[in-house]
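Novice: In my numbering, the protein residues as written are 718 to 1012.
Ideal Cβ positions, reconstructed from N, Cα and C, are used throughout, including at glycine.
These numbers come from a predicted model, not from an experiment.
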Amino acid sequence: MKENLNDLRTFLVVARTGSFTKAGAQLGVSQSAVSYAIRGIEERLKIKLFHRTTRSISTTEAGEQLYQRLLPLFEGIDREIDELGTFLGELRGTLRINATELTFSVLWEKFDRFLNAYPSVNLELSGDTRFIDIVAEQFDASIRLGSDVEKDMIAVRISDDLAMCTVASPAYLAQYGEPKTPEELANHQCLQLRLPINGGILDWAFTDPTSQETVKIQPQGRFIANTNSILINACLSGVGVMWMPYHLVEDHIASGELVPILREWNKHYEGFHLYYPNRRENSPLLKALVESLRG
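#1: Where does the unbroken alpha helix (DSSP H) through residue 848 begin, and where does it stop?
#2: For residue 941, collect the residues of the same chain with a Cβ closer than 6 angstroms to its Cβ; drop the 5 residues on either side in sequence, then sort them by chain order.
#3: Is it true that the CB of residue 820 sits closer than 7 angstroms to the CB of residue 860?
#4: Can you tell which of 907, 883, 888 and 972 has the C-alpha that lies nearest to the C-alpha of residue 704?
#5: Give the range of the beta strand (DSSP E) segment to which residue 909 is assigned.
#6: Which value, in whole angstroms, describes the spacing of the CA atoms of residue 877 and residue 755?
#7: Buried or exposed: where does residue 758 fall if 16 or more other Cβ atoms within 10 Å of its Cβ makes it buried?
#8: Per DSSP, what kind of secondary structure is residue 823 in: helix, strand or coil?
#9: Mind checking which residues open and close the alpha helix (DSSP H) that includes residue 965?
#10: For residue 1001, which three-state DSSP category applies?
#11: Can you name, in chain order, every residue of its own chain whose Cβ lies under 7 angstroms from the Cβ of residue 737, other than the five neighbours on each side?
#12: Inspect the beta-carbon positions of residue 887 and residue 976 and report whether they are closer than 7 angstroms.
#13: Which two residues bound the contiguous beta strand (DSSP E) that contains residue 871?
#14: Please tell me whether residue 981 and residue 936 are closer than 7 angstroms, where the distance is taken between their beta carbons.
#15: Who are the Cβ neighbours of residue 845 in its own chain at under 8 angstroms, not counting the five residues just before and after it?
#16: Who are residue 839's beta bridge partners in DSSP?
#17: Do residue 984 and residue 870 have their C-beta atoms closer together than 7 angstroms?
#18: Just to confirm before moving on: does the CB-CB distance between residue 810 and residue 889 stay below 7 angstroms?
#19: Have a look at residue 740 and residue 938 and give me their C-alpha separation to the nearest angstrom.
#20: Comparing C-alpha positions only, which one of 931, 960, 933 and 932 sits nearest to residue 945?
#21: Report the CB separation of residue 1009 from residue 830 in whole angstroms; it is logged as a contact under 8 angstroms.
#22: Please report the distance separating the alpha-carbon of residue 675 from that of residue 851.
#23: Could you pull the start and end residues of the beta strand (DSSP E) that residue 774 belongs to?
#24: Nearest by alpha-carbon distance to residue 847: which of 833, 862 and 835 is it?
#25: Could you give the DSSP three-state label for residue 764: helix, strand or coil?
#26: What first and last residue would you give for the alpha helix (DSSP H) that runs through residue 903?
#27: Could you give the distance in angstroms between the alpha-carbon of residue 928 and the alpha-carbon of residue 979?
#28: How many Å lie between residue 995 and residue 789 at the Cα?
#29: By the three-class DSSP mapping on this structure, what secondary structure does residue 861 have?
#30: Terminal residues of the continuous beta strand (DSSP E) containing residue 940?
#31: Leaving out five residues on either side along the sequence, give the residues of the same chain with a beta carbon under 8 angstroms from the beta carbon of residue 849.
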């Protein structure tokens, strides 16, 4: 029995998202159309592919087996079609990249260069702080600090180390003084970043200039935000002291709006790495992206 390939693609999206509604939104069709397609597959195959409740959808054992076997096949079809563009002397296709919002802001100029160099390539960037299974969620690659990735992944360094810094406005320092060690920050208003996943507050990390050991503190203060841009505005207004990637505030430092403090304690993190499944190492699209990001 031959199955409808569009219905099978619908099945893959439902299995990945766990939702008829989300699948419909991604496919550009109604929720009822998705439900109809899945019901049709199950009736033709005479087997239940999903457990359905009023709150969730999950694959049955048979559905999960079908998902795991179909996914690489459809990825292979898409890849072969995309690579036909090489006969026309151009790259075609879509790349879905997962990283944090901070990562994309650091690397934006490189992504912009990639888009200009390959006008027939579609690029989707998804900002997320989670460490996800990029295969299960159908991303082509992800970017994170450091090179520690799962054993079946290839990691490629694409940036210099990330430098952190601690800053405050001249008005704040004139009123409250300048801390000389991270421990003295306990006497200051620290601008805190609320983490989006578990709701915790981001710890601040420093490198001891004598021992080179990492020193972490839990910042305390009366101002909390969940984005760096809001924290920067608060810092410029003199609300408190901020710990931030240097590149996000270097223009404010150059203009004198913010003053770097605790310079000898600045922490550096290993640069950003692009990682992807080793079965994709020969992908022309990924090779082109790596070249752009490493440039």
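Specialist: In this structure, then:
#1: As a first step, residue 848 must be located in the sequence shown, where it is residue number 131. Unbroken run through residue 848: none, as it is neither H nor E.
#2: Looking up residue 941 in the sequence shown gives position 224. Counting only Cβ-Cβ distances below 6 angstroms, and skipping sequence neighbours, we find 909 and 911.
#3: Residue 860 sits at position 143 when you count from the first residue of the sequence shown. Residue 820 sits at position 103 when you count from the first residue of the sequence shown. The answer is yes: Cβ separation under 7 angstroms.
#4: Nothing about residue 704 can be read from this structure; the chain reaches only from 718 to 1012.
#5: Here residue 909 refers to the residue found at position 192 when the sequence shown is read from its first residue. Start and end: 908-910.
#6: What you label residue 877 is simply residue 160 of the sequence shown in a count that begins at 1. What you label residue 755 is simply residue 38 of the sequence shown in a count that begins at 1. Just so you know, the alpha carbons of residue 877 and residue 755 end up roughly 47 angstroms apart.
#7: Along the sequence shown, one-based indexing puts residue 758 at 41. So residue 758 ends up on the buried side.
#8: As a working mapping, residue 823 is identified with position 106 in the sequence shown. Correct three-state label for residue 823: helix.
#9: The count along the sequence shown starts at 1 and reaches residue 965 at position 248. Per DSSP, residue 965 is one residue of the alpha helix (DSSP H) stretching across 963-972.
#10: By one-based count along the sequence shown, residue 1001 stands at place 284. Per DSSP, reduced to three states, the secondary structure at residue 1001 is helical.
#11: Start at 1 with the first residue of the sequence shown, and residue 737 comes out as number 20. Correct list, in chain order: 731, 748, 751, 752 and 774.
#12: Within the sequence shown, the letter at position 170 stands for residue 887. Within the sequence shown, the letter at position 259 stands for residue 976. Result yes, Cβ atoms of residue 887 and residue 976 sit closer than 7 angstroms.
#13: Counting from one through the sequence shown, the residue named residue 871 turns up at place 154. Note, residue 871: beta strand (DSSP E), 870-874.
#14: What you label residue 981 is simply residue 264 of the sequence shown in a count that begins at 1. What you label residue 936 is simply residue 219 of the sequence shown in a count that begins at 1. Against a cut-off of 7 angstroms, the Cβ pair of residue 936 and residue 981 comes out as no contact.
#15: Residue numbering aside, residue 845 sits at position 128 when the sequence shown is read from its first letter. Closer than 8 angstroms at the Cβ level, and outside the excluded window around residue 845, lie 815, 816 and 817.
#16: Counting from one through the sequence shown, the residue named residue 839 turns up at place 122. DSSP, once it has assigned bridges, lists 811 as partnering residue 839.
#17: Counted from its first residue, the sequence shown places residue 984 at position 267. Counted from its first residue, the sequence shown places residue 870 at position 153. For residue 984 and residue 870, no; Cβs fall outside 7 angstroms.
#18: Taking the sequence shown and counting its residues from 1, one reaches residue 810 at position 93. Taking the sequence shown and counting its residues from 1, one reaches residue 889 at position 172. The Cβ atoms of residue 810 and residue 889 do not sit closer than 7 angstroms to each other.
#19: Within the sequence shown, numbered from 1, the residue matching residue 740 stands at position 23. Within the sequence shown, numbered from 1, the residue matching residue 938 stands at position 221. If I take the Cα positions, the gap works out to 42 angstroms.
#20: The sequence position of residue 945 within the sequence shown is 228, counting from 1. Ranking the options by Cα distance to residue 945, first place goes to 960.
#21: Along the sequence shown, read from residue 1 onward, the residue named residue 1009 stands at position 292. Along the sequence shown, read from residue 1 onward, the residue named residue 830 stands at position 113. Between residue 830 and residue 1009 the Cβ distance is about 5 angstroms, and since that is below 8 angstroms, they are a contact.
#22: Since the first residue of the chain shown is 718 and the last is 1012, residue 675 is not available in this structure.
#23: Looking up residue 774 in the sequence shown gives position 57. Per DSSP, residue 774 belongs to the beta strand (DSSP E) from 774-776.
#24: On the sequence shown, position 130 is the one that residue 847 refers to. Comparing Cα positions, the closest option is 862.
#25: Position 47 of the sequence shown, counted from the start, is the residue given in the question as residue 764. Reduced to three states, the DSSP call for residue 764 is coil.
#26: For the purposes of this step, residue 903 is identified with residue 186 of the sequence shown, where counting begins at 1. Where residue 903 is concerned, there is no enclosing alpha helix (DSSP H), given that its DSSP letter is neither H nor E.
#27: Indexing the sequence shown from 1 puts residue 928 at position 211. Indexing the sequence shown from 1 puts residue 979 at position 262. One Cα belongs to residue 928, the other to residue 979, and the distance between them is close to 16 angstroms.
#28: Counted from its first residue, the sequence shown places residue 995 at position 278. Counted from its first residue, the sequence shown places residue 789 at position 72. When rounded, the distance between both Cα atoms is 13 angstroms.
#29: Numbered from its first residue, the sequence shown carries residue 861 at position 144. Three-state DSSP puts residue 861 in a strand.
#30: The sequence position of residue 940 within the sequence shown is 223, counting from 1. Note, residue 940: beta strand (DSSP E), 940-942.
#31: Position 132 of the sequence shown, counted from the first residue, corresponds to residue 849. Here the set comprises 815, 856 and 859.
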